[in-house]
Each structure stands twice: as C-alpha cells, then as structure tokens.
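Asks: Numbering of the sequence shown is given in the numbering used here, commencing with residue 48 and proceeding in unit increments.
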Amino acid sequence: MLKAPELLLPAGTLDKMRAAFDYGADAVYAGQPRYSLRARNNEFKLEQIKQGIDEAHARGKLFFVASNILPHNAKVKTYLDDMAPVIEMKPDALIMADPGLIAMVREKWPEVPVHLSVQASTTNYAAVKFWKSLGLTRIILSRELSLDEVEEIRQECPDMELEVFVHGALCIAYSGRCLLSGYFNHRDPNQGTCTNSCRWDYKVQNAEETDGGDYEVVKFDFNQAMDDANRSFAAMGEQQRHPLADRVYLIEQVNRPGELLPVMEDEHGTYIMNSKDLRAVEHVERLVRIGVDSLKIEGRTKSLYYVARTAQVYRQAIDDAVAGRPFNPALLSDLESLANRGYTDGFYERHHTQDYQNYIKGHSEAHRSQYVGEVIGIDPVSGWAEIDVKNRFQIGDKLEIIHPAGNRTVELTQMKTREGLDLNVASGNGYIVRVPLGENVEKALLARFL
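Right, here's the structure in full:
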C-alpha cells in the first residue's frame with residue numbers, strides 16, 4: 048500500500064490552524080514575525096506560538112515554526128537569544144534558509160529537527176545530499192522543478208524527507224528571491240516585509256527619449272498603436288522583429304501617480320511579474336507514487352475559508368491516491384470557489400497534451416461558488432444556525448454546507464435577523480443572520496453556488 052504524505056497547511060492565526068486540522072491537515076507551519084517571511088499580518092508572538100504547539104500536540108498533529116529569513120548582521124546577533132524560548136516550546140521542526148543561522152542552531156540545539164526552506168532554492172540531488180550531511184531532516188524542494196526531477200531526487204536520496212508545494216501563490220522570482228518590493232517601498236521580501244508589488248495594478252504610458260537622455264510621456268492610443276504595428280509586422284516577411292519590440296514604455300502604479308517606471312501592456316492593463324496561482328491537486332497521485340513525504344499549501348495571509356477548502360480538497364486527493372481510487376475531477380471545481388488569479392500547475396509538467404488541457408478546462412473554466420458565511424453559533428431552542436455573513440446571499444440560493452465531516456447542499460428557503468424578523472437578503476460582510484441548516488453544522492462554512 049502507498050504511504051500517505053503529510054498534508055501541511057499554513058497557520059496565519061490560531062483559528063486558521065484549528066480549521067486546517069478540522070478539515071484534514073496533518074501539520075501546520077507558522078512563523079515568528081521577526082525571523083520569518085511573514086513579518087506583516089502575523090499574530091504569532093511567543094504566546095500564540097506556545098498555544099499553537101500545545102493545541103497541535105494535544106490533537107496528535109505537528110507544528111513547524113518558520114524561521115526562514117535571510118538576515119542581516121543585526122538579526123544574526125539577536126537570533127539565538129530570541130529563539131531560546133521558542134525551542135523550549137518544543138516545535139516539531141524549524142523551517143530555515145540561511146546557512147549561517149542553520150549552523151548556529153545545529154551547534155546549540157542539535158536535537159531540534161531543521162527543514163530547509165524553499166528559499167534555499169534546492170533544485171538537485173547533490174544539494175539534498177549536502178544538506179543531509181549537515182544534519183537536516185527535510186528539504187522543501189524548489190518550485191521550479193518538474194515531476195520527473197522530483198522523482199529523480201527521490202530515487203537518489205531515498206533516506207531524506209522531501210516536501211513540495213502543491214497550492215498557493217507563485218512568486219515570479221526564483222523561489223521567492225525577489226527585490227521588487229524592496230526597490231519600490233524599501234520593504235525587503237527576504238526580510239519578511241514583501242508588499243506584493245508584482246501584483247499591483249499598473250497603467251502604461253508611451254515614452255520617447257529626450258535629447259538629454261531622459262524619457263518623457265507621449266500620449267497615444269494603445270489599441271491603435273498595436274493595430275498599426277501588427278499590420279507593419281505582417282508586411283515584413285522574413286524580418287521577424289516586431290516594430291514595438293524596442294520601444295520604451297513607462298508604467299505608473301495606480302496609487303503612485305506621477306511615479307513612472309520603464310515596460311508593455313495589452314488592452315487589459317499591465318500586471319508585471321504577476322503569476323497565476325499554483326494548483327497541483329491533479330498531480331497528487333503522481334507525487335504519492337514518487338514517495339514525497341509532505342505536500343504543502345501556501346497562504347498564511349489567506350482566509351479561514353481558503354484554509355478549510357484547500358485542506359479538505361487535498362485531503363481527499365491524498366486519501367483517494369493512497370486507496371488506489373482514480374482522481375476525482377470535481378476537486379478542480381471545488382478549488383475554483385477560492386479567489387484566484389487563474390490556475391497553473393507551475394513547472395510540474397513542461398508540456399500538456401491536448402487531451403489533458405481539455406480535461407482541466409472542462410472542470411475549472413468557470414467559478415463554481417462563492418464563500419458567503421461562517422457558522423458562529425446554534426440557537427438551542429430553534430436549532431437554527433447563526434451565520435457571520437461574508438458575502439451576499441438570499442432566499443432561493445443553493446448553498447453548500449462545508450463541514451469537516453462532509454459537505455452537503457441545501458436550498459435556502461428561510462432566513463431571519465438576529466432579532467427574529469424575516470429576511471430575504473443577507474447583504475454582505477458585517478451582518479449576522481439566522482438560517483435553518485439542520486443538524487451537525489458546528490464549525491461549518493457556507494458557499495453559494497453561482
């Protein structure tokens with residue numbers, strides 16, 4: 048029988064950690080703000096780390112602490128003292144990237160398992176063997192690897208734990224080593240303060256070089272310019288260079304008018320360095336057969352719904368693969384209910400056949416549902432559920448009740464305010480409403496079918 052890999056989910060908060068475990072995760076990872084790559088939007092101070100570790104261990108689960116910063120001298124000097132109380136809490140492993148910090152931890156706390164972060168860009172089996180010789184227990188492989196390359200590393204390194212990412216945001220820079228945010232905002236991604244500059248909305252301005260060597264904005268019609276250039280290009284015959292290839296354009300970020308930076312856009316705008324999101328649920332079976340030890344989902348800043356839905360979907364994919372059941376394409380549709388920038392399986396498959404592309408497209412072309420609420424209580428008298436509304440829904444909607452014990456679908460026929468007044472529409476975020484959902488809906492989330 049195939050071995051089930053660990054399902055590893057992000058814990059941006061304690062509530063998200065609990066949801067991850069409720070919906071099928073075996074382990075979670077969280078980071079100290081000062082020493083992880085999530086310095087912003089991170090509630091895990093020492094008190095929360097201890098509570099998280101204690102709760103995880105009480106449930107027989109694992110809790111990893113991300114300490115994967117690439118530090119400057121000031122943080123090296125404080126590192127061991129700041130980590131001492133964390134080590135006393137007995138996390139199941141530290142996730143680290145910097146060789147210097149790893150050496151310091153291995154010397155002071157040789158008993159503590161260390162997992163090598165994806166930030167270390169491990170792309171080959173020789174590097175895996177190197178880190179193993181230093182006493183590390185797991186390598187989180189680079190996102191830039193294909194399935195065949197992962198399999199070769201597994202074969203060459205049978206006695207090292209391997210972890211790969213299967214879902215979440217993709218950084219366009221190599222394994223996250225990006226400087227864009229650092230240049231734009233003086234917030235260094237490698238110090239945990241990335242502002243996701245690659246995902247901002249930009250507009251483009253045509254530019255011409257001045258006699259002084261600078262660039263100035265020239266007003267133009269983008270679509271007309273493209274049409275003219277394409278006609279010119281088509282008439283070139285053997286000459287293959289597009290007439291717009293050498294033109295300079297200046298981009299202007301929507302919240303920074305007047306700050307113009309030298310690139311090119313289509314009619315929808317310019318989203319420089321903005322990757323689609325990783326979704327590799329269709330490759331879980333292959334990863335299980337390869338013998339990968341841990342499948343990791345990215346997203347410590349994502350919603351509780353994101354954590355619950357991804358945990359549930361990838362849990363089913365793992366269980367199906369281990370049991371020898373064929374992949375269920377409905378899982379692709381389930382993941383469409385999450386906000387995403389379009390999905391890709393990244394570098395896992397270099398080229399897809401037409402049959403494969405149709406298979407994916409047929410099950411993930413349209414958004415399937417939208418997260419609309421969370422059950423926050425049950426009225427003991429009426430049995431109705433109290434819902435913290437996240438998005439608009441109304442009488443007549445078909446709702447999916449997403450629950451750790453399994454999902455089911457209901458049609459909404461009644462709804463009331465907290466005070467008991469009849470209600471037709473739950474307007475959106477910030478409202479509390481009551482609806483009849485039946486039994487066993489504690490910890491449930493609601494999605495509206497579109």
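Glycine is no exception: its CB is placed at the ideal position from the N, C-alpha and C atoms.
How should Thr357 be labelled, buried or exposed, when 16 other C-beta atoms within 10 angstroms of its C-beta is the threshold for buried?
Replies: As a position in the sequence shown, residue 357 is number 310, starting the count at 1. That one is buried.
Asks: In the structure shown, what three-state DSSP assignment does Gln286 receive?
Replies: Here the question's residue 286 lines up with position 239 in the sequence shown. Because Gln286 sits at a pLDDT of 49, beneath the cut-off of 50, its placement in the model cannot be relied upon, and the point is left open.
Asks: Which of the three DSSP states, helix, strand or coil, is assigned to Ile196?
Replies: The residue given as residue 196 occupies position 149 in the sequence shown. It is Glu, not Ile, that sits at residue 196 in the sequence shown. It is helical.
Asks: With a floor of 4 residues, list each alpha helix (DSSP H) that falls wholly inside the region 152–221, ordered by position along the chain.
Replies: Runs found: 172–180 and 194–203.
Asks: Can you give me the C-alpha to C-alpha distance between Pro451 and Ser416, rounded to a whole angstrom?
Replies: Walking along the sequence shown from the start, residue 451 turns up at place 404. Walking along the sequence shown from the start, residue 416 turns up at place 369. Distance between the alpha carbons of Pro451 and Ser416 is about 18 Å.
Asks: Per DSSP, what are the beta-bridge partners of Lys343 in this structure?
Replies: For the purposes of this step, residue 343 is taken as residue 296 along the sequence shown, with counting starting at 1. The partner list for Lys343 (beta bridge, DSSP) reads Leu55 and Phe212.
Asks: Among Val213, Glu94 and Tyr172, which has the Cα closest to the Cα of Glu332?
Replies: In the sequence shown, residue 332 corresponds to position 285, counting from 1. Of Val213, Glu94 and Tyr172, the residue nearest in Cα terms is Val213.
Asks: Could you tell me if Gly453 is buried or exposed, where buried requires 16 or more neighbouring beta carbons within 10 angstroms of its beta carbon?
Replies: The count along the sequence shown starts at 1 and reaches residue 453 at position 406. Exposed, by the Cβ-count rule.
Asks: Measuring alpha carbon to alpha carbon, tell me which residue in Pro373, Arg388, Ala491 and Gly393 is nearest Ile498.
Replies: Lying outside 48 to 497, the shown extent of the chain, residue 498 is not represented and no answer is given.
Asks: Among the candidates Ser380, Lys92, Pro118 and Thr125, whose CA atom is the shortest distance from the CA of Val112?
Replies: Locating residue 112 in the sequence shown gives position 65, counting from the first residue. Among Ser380, Lys92, Pro118 and Thr125, the Cα nearest to that of Val112 is on Lys92.
Asks: With DSSP collapsed to three states, give me the class of Ile142.
Replies: The sequence position of residue 142 within the sequence shown is 95, counting from 1. Of the three classes helix, strand and coil, the one that applies to Ile142 here is strand, per DSSP.
Asks: Identify every residue that forms a DSSP beta bridge with Asp235.
Replies: As a position in the sequence shown, residue 235 is number 188, starting the count at 1. Answer by DSSP bridge pairing: none, since Asp235 is not bridged.
Asks: Starting from Ile134, trace the beta strand (DSSP E) in both directions and tell me its first and last residue.
Replies: The residue you call residue 134 lines up with position 87 of the sequence shown. That residue, Ile134, is in no beta strand (DSSP E); its alpha helix (DSSP H) goes Asn120 to Glu135.
Asks: If the criterion is Cβ atoms closer than 8 Å, does the pair Ala103 and Val75 meet it?
Replies: Residue 103 sits at position 56 when you count from the first residue of the sequence shown. Residue 75 sits at position 28 when you count from the first residue of the sequence shown. Cβ atoms of Ala103 and Val75: closer than 8 Å.
Asks: Candidates Leu163, Leu55 and Asn115: which alpha carbon is nearest Ser79's?
Replies: Reading the sequence shown from its first residue, position 32 is the one you call residue 79. The question names Ser, but residue 79 in the sequence shown is Gln. Closest option to Gln79, Cα to Cα, is Asn115.
Asks: For Ile100, verify whether its CB is less than 7 Å away from any heavy atom of the ligand NAD.
Replies: Summarising the ligand content, the structure contains no ligands, and the ligand NAD is consequently not present.
Asks: Classify Glu50 as helix, strand or coil using the three-state DSSP reduction.
Replies: The residue you call residue 50 lines up with position 3 of the sequence shown. It should be noted that the sequence gives Lys, not Glu, for residue 50. DSSP places Lys50 in coil when its eight states are reduced to three.
Asks: Excluding the 5 residues flanking Thr464 on each side, which residues of the same chain have their C-beta closer than 7 Å to its C-beta?
Replies: Position 417 of the sequence shown, counted from the first residue, corresponds to residue 464. Same-chain partners within the cutoff: Leu470 and Val480.
Asks: Which one or two residues does DSSP pair with Ala74 in a beta bridge?
Replies: Position 27 of the sequence shown, counted from the first residue, corresponds to residue 74. Answer by DSSP bridge pairing, in chain order: Leu55 and Leu109.
Asks: Is Leu378 closer than 8 Å to Ala364 when the C-beta atoms are compared?
Replies: Residue mapping note: residue 364 aligns to position 317 of the sequence shown, counting from 1. Residue mapping note: residue 378 aligns to position 331 of the sequence shown, counting from 1. Against a cut-off of 8 Å, the Cβ pair of Leu378 and Ala364 comes out as a contact.
Asks: Restricting to Cα atoms, I'd like to know which of Ser168, Arg347 and Ala494 is closest to Gln441.
Replies: On the sequence shown, residue 441 is found 394 positions in, with the first residue counted as 1. If we check each option's Cα against that of Gln441, Ala494 comes out closest.
Asks: Roughly how many angstroms lie between the CA atoms of Pro205 and Ile423, to the nearest whole one?
Replies: As a position in the sequence shown, residue 205 is number 158, starting the count at 1. As a position in the sequence shown, residue 423 is number 376, starting the count at 1. Straight-line Cα distance between these residues: approximately 46 Å.
Asks: Locate the beta strand (DSSP E) running through Asp324, then write down its first and last residues.
Replies: Taking the first residue of the sequence shown as 1, we reach residue 324 at position 277. It spans Asp324 to Arg326 - the beta strand (DSSP E) in which Asp324 sits, taken as one unbroken run.
Asks: Along the chain, where does the alpha helix (DSSP H) that runs through Arg356 open and close?
Replies: The residue given as residue 356 occupies position 309 in the sequence shown. Unbroken alpha helix (DSSP H) run through Arg356: Leu351 to Ala370.
Asks: Between Pro118 and Asp145, what straight-line distance do the alpha-carbon atoms span, to the nearest angstrom?
Replies: Within the sequence shown, residue 118 is the residue found at index 71, counting from 1. Within the sequence shown, residue 145 is the residue found at index 98, counting from 1. Each residue's alpha carbon lies about 8 Å from the other.
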